[in-house]
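Visitor: Shown below is the structure under consideration.
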Amino acid sequence: MDLSIIGSGYVGLVTGACFADVGHNVTCVDNDAHKIEVLRAGRVPIYEPGLEELIHRNVAAHRLRFSGSIKEGVDNSQIVFIAVPTPPQSDGSVDLSFIEKVAREI
Numbered sequence: 144m145d146l147s148i149i150g151s152g153y154v155g156l157v158t159g160a161c162f163a164d165v166g167h168n169v170t171c172v173d174n175d176a177h178k179i180e181v182l183r184a185g186r187v188p189i190y191e192p193g194l195e196e197l198i199h200r201n202v203a204a205h206r207l208r209f210s211g212s213i214k215e216g217v218d219n220s221q222i223v224f225i226a227v228p229t230p231p232q233s234d235g236s237v238d239l240s241f242i243e244k245v246a247r248e249i
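Last residue of the sequence shown: number 249 in the numbering used here, and the count goes up by one each step with no gaps.
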């Protein structure tokens, strides 16, 4: 199945790599151009045990790719996951503005 993960931080990058490792074609999308550049260069910007090997294996197998374009991710996917930050607000509620922004762009 072709999937896209919008947001390539701790949650999105690990989720995307795991989905790719079980055979799905995954596009990890992020609006941070530097992060996408780093990932495309084969470097992993976060530490999670085993993640670097998982990413390298699935990039080499052409099951995992990285993009800075939500449109590209959505156009090439059957399923889209949103994995962007939901920071707490001062009153304890959750800031959903990042999710809303991505949902509108989709």
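Glycine residues also receive a C-beta, built at the ideal position from the N, C-alpha and C atoms. Quantities reported herein were computed from a predicted structural model and do not represent experimental measurements.
Quick check on the DSSP output: what are the complete alpha helix (DSSP H) runs of length 4 or more inside the segment 161-207, in order along the chain?
Guide: If we require 4 residues or more, the alpha helix (DSSP H) runs fully inside the segment 161-207 come out as 176-183 and 194-203.
Visitor: Taking contact to mean at least 3 C-beta pairs separated by less than 8 angstroms, is the segment 187-195 in contact with the segment 225-235?
Guide: Judged by Cβ distances under 8 angstroms, the segment 187-195 makes no contact with the segment 225-235, as fewer than three pairs qualify.
Visitor: Roughly how many angstroms lie between the CA atoms of residue 127 and residue 189, to the nearest whole one?
Guide: Residue 127 lies beyond the stretch modelled for the chain, which goes from 144 to 249, so this question has no answer here.
Visitor: Okay, do the segment 175-188 and the segment 205-219 touch, 3+ Cβ pairs below 8 angstroms being the bar?
Guide: The segment 175-188, when compared against the segment 205-219, does touch it at the 8 angstroms Cβ threshold.
Visitor: Who are the Cβ neighbours of residue 182 in its own chain at under 6 angstroms, not counting the five residues just before and after it?
Guide: Taken in chain order, the residues that qualify are 209.
Visitor: With respect to the alpha helix (DSSP H) encompassing residue 240, which residues constitute its N-terminal and C-terminal limits?
Guide: That run of the alpha helix (DSSP H) goes 240-248.
Visitor: Closest to residue 238 by C-alpha separation, out of 229, 245, 244 and 246, would be which residue?
Guide: Residue 229 is the option with its Cα nearest to residue 238.
Visitor: Looking only at C-alpha atoms, which of 154, 155 and 174 sits nearest to residue 215?
Guide: Ranking 154, 155 and 174 by Cα distance to residue 215 puts 174 first.
Visitor: What first and last residue would you give for the beta strand (DSSP E) that runs through residue 223?
Guide: Its beta strand (DSSP E) spans residues 222-225.
Visitor: Grouping DSSP H, G and I as helix and E and B as strand, with all else coil, what is residue 234?
Guide: Coil, per DSSP.
Visitor: Tell me residue 146's beta-bridge partners as DSSP assigns them.
Guide: Looking at the DSSP assignment, residue 146 forms a beta bridge with 169 and 222.
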